[in-house]
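What follows is a single structure, written as structure tokens, with notes after it.
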Amino acid sequence: MSAVATLTGPWRGLSRTVWILVVARAVNRIGAFTLPFLGVVLTVEFGASLGETGLILAVFGAATIPSRLLGGQLADRLGRRRTIVLGLTGCAIAQLWIALSHTLWSAVLATILLGLAFEIYEPPSQAMIADVTEPSNRPAAYGLYSAALAAAGVLAGLLAAALSHWDLRWLFVADAITCLSCAALVALVLRTDLAGVEKAPTSTVSVWRDRRLLLLLAGGTIFATIYMQIIIGLPLTLLEQGLPKSGIGIILAISAITLIAAQRLLRVQHLDDFRSITIGYVLLAAGLVVCAVAGNLAVFVVAAILWSLGDLFLLTRYLTQASGLAPDQARGRYLAVFGLSWGIATTIAPLTVTQLLERSGAAGLWLTSAAVAVALAVLQPWFRKRLAPA
Numbered sequence: 018m019s020a021v022a023t024l025t026g027p028w029r030g031l032s033r034t035v036w037i038l039v040v041a042r043a044v045n046r047i048g049a050f051t052l053p054f055l056g057v058v059l060t061v062e063f064g065a066s067l068g069e070t071g072l073i074l075a076v077f078g079a080a081t082i083p084s085r086l087l088g089g090q091l092a093d094r095l096g097r098r099r100t101i102v103l104g105l106t107g108c109a110i111a112q113l114w115i116a117l118s119h120t121l122w123s124a125v126l127a128t129i130l131l132g133l134a135f136e137i138y139e140p141p142s143q144a145m146i147a148d149v150t151e152p153s154n155r156p157a158a159y160g161l162y163s164a165a166l167a168a169a170g171v172l173a174g175l176l177a178a179a180l181s182h183w184d185l186r187w188l189f190v191a192d193a194i195t196c197l198s199c200a201a202l203v204a205l206v207l208r209t210d211l212a213g214v215e216k217a218p219t220s221t222v223s224v225w226r227d228r229r230l231l232l233l234l235a236g237g238t239i240f241a242t243i244y245m246q247i248i249i250g251l252p253l254t255l256l257e258q259g260l261p262k263s264g265i266g267i268i269l270a271i272s273a274i275t276l277i278a279a280q281r282l283l284r285v286q287h288l289d290d291f292r293s294i295t296i297g298y299v300l301l302a303a304g305l306v307v308c309a310v311a312g313n314l315a316v317f318v319v320a321a322i323l324w325s326l327g328d329l330f331l332l333t334r335y336l337t338q339a340s341g342l343a344p345d346q347a348r349g350r351y352l353a354v355f356g357l358s359w360g361i362a363t364t365i366a367p368l369t370v371t372q373l374l375e376r377s378g379a380a381g382l383w384l385t386s387a388a389v390a391v392a393l394a395v396l397q398p399w400f401r402k403r404l405a406p407a
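When the letters of the sequence shown are read in order and numbered with the numbering used here, they come out as residues 18 to 407.
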């Protein structure tokens, strides 16, 4: 077996278009290390109070919801490739605007523009992967997409740590450069790859009338909320335990490495969606229970490995189901509506985390989340019946 075949493993046979999209998204993800510094820039560089910064970041989060819906509409009407280029270019313009701003109001307008452009990329890229991939290969294709993002996230964290000693405005310039580089890659290299799928015939399908999609959105939102609770609640739990702040970086890096390595070692693409999701929720619940009883960094690492294995079984399958529900002409809009689960979760999770921590402590937060994960695992036969093709 060749070295390339060994490396690619379950991803052999995926189309050139999928690999180009994955590479472009990974490069863009590596450059997206500015977002954690946005609040710092608003406070330090532009003199915003903590309350003002929180409000501005909330507006940014709210702007990402119509951004994703716009991406879905444009993907089906304007075409996948053009929409991707438009979204990346919009992000680059907003990043440069932030870097060049001299007043708070200018930075606020740029931040709103960034939010409105931030999610345009996702629906067309996810739809394009489904367009050029057979249904049986979509779990592997979306798995590659997730693994690339995880790897890029580790590199993004390292770059953020290295470059944060500079003037923070330069971080936004660097991010703008990666956005424009990815836009150029997609615009030029994919030009000849998309015959027949660049722009599907316009469909009048109303995605909001598909009850199966709305049910999938509800389930995906609960999963995304648990996921975001881990991202938000883990640093607070480490702080409560008196563990070093660097621990969160170590845990998240190990989580990403676990996700990447497991994709190579586990043949999860051979499971059907509902069995995979059931296993995923059981592993996720196990990791959350371990997190509830953890008292040192090593135990938190064990928890992270367990929930990361759960994510492997979960993340790709929800995308596979959403793309499978969609008619070809409405796939961008279907994936955009399903993607709202993350915007909703990003709004809900800070409230649930803080309320549970205040009322029942860290153990209560993680045990409650584990109970929800177990309930979703038990409900998968019910979901299977409700999501079956009409």
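All residues carry an ideal CB built from backbone N, CA and C; glycine is no exception.
Measure the alpha-carbon distance for A347 versus T106 and round it to whole angstroms. 24 Å
By Cβ distance below 7 Å, which residues in the same chain neighbour G341 in space, the five residues on each side in sequence not counted? P152
Taking only the alpha-carbon atoms, compute the straight-line gap between V318 and L276 and give it to the nearest angstrom. 13 Å
Buried versus exposed, by CB contacts within 10 Å (16 or more), N45: buried
Cβ pair count under 8 Å reaching 3, the stretch 362-373 against the stretch 258-272: no
Report buried or exposed for L31, applying the criterion of at least 16 other Cβ atoms within 10 angstroms of its Cβ. buried
Distance between A279 and A65 (C-alpha atoms, nearest Å): 43 Å
Which runs of the alpha helix (DSSP H) spanning at least 4 residues fall entirely within the stretch 63-118, listed in chain order? 67-94 and 97-117
From A144 to R33, what does the alpha carbon distance come to, in whole angstroms? 15 Å
With 16 other CB atoms within 10 Å as the buried threshold, where does G96 fall? buried
Could you tell me whether the Cβ atoms of Y159 and L336 are closer together than 8 Å? yes
Are the beta-carbon atoms of L103 and L91 separated by less than 8 Å? yes
Beta-carbon proximity of S293 to R334, cut-off 8 Å: yes
Among L59, R403, L357 and W399, which residue has its Cα nearest to the Cα of A80? L357
As assigned by DSSP and simplified to three states, the class of V21: Unreliable placement is indicated for V21, whose pLDDT of 41 sits below 50; the coordinate value is still reported in the next sentence. Note: V21 maps to helix in three-state DSSP.
Which value, in whole angstroms, describes the spacing of the CA atoms of G360 and I82? 6 Å
If you reduce the DSSP assignment to three classes, tell me which class E139 lands in. helix
Does DSSP classify L396 as helix, strand or coil? coil
Roughly how many angstroms lie between the CA atoms of T37 and G312, to the nearest whole one? Reading the sequence as shown, one finds Ile at residue 37 and not Thr. Taking the straight line from one Cα to the other gives about 43 Å.
How would you call G68, buried or exposed, if buried means at least 16 neighbouring beta carbons within 10 angstroms? exposed
Whole-angstrom C-beta distance between F291 and R401, which should lie under 8 Å: 5 Å
Cutoff 6 Å; reference L384; Cβ partners in own chain excluding five residues on either side: A309
D289 to A390, Cα distance in whole Å? 19 Å
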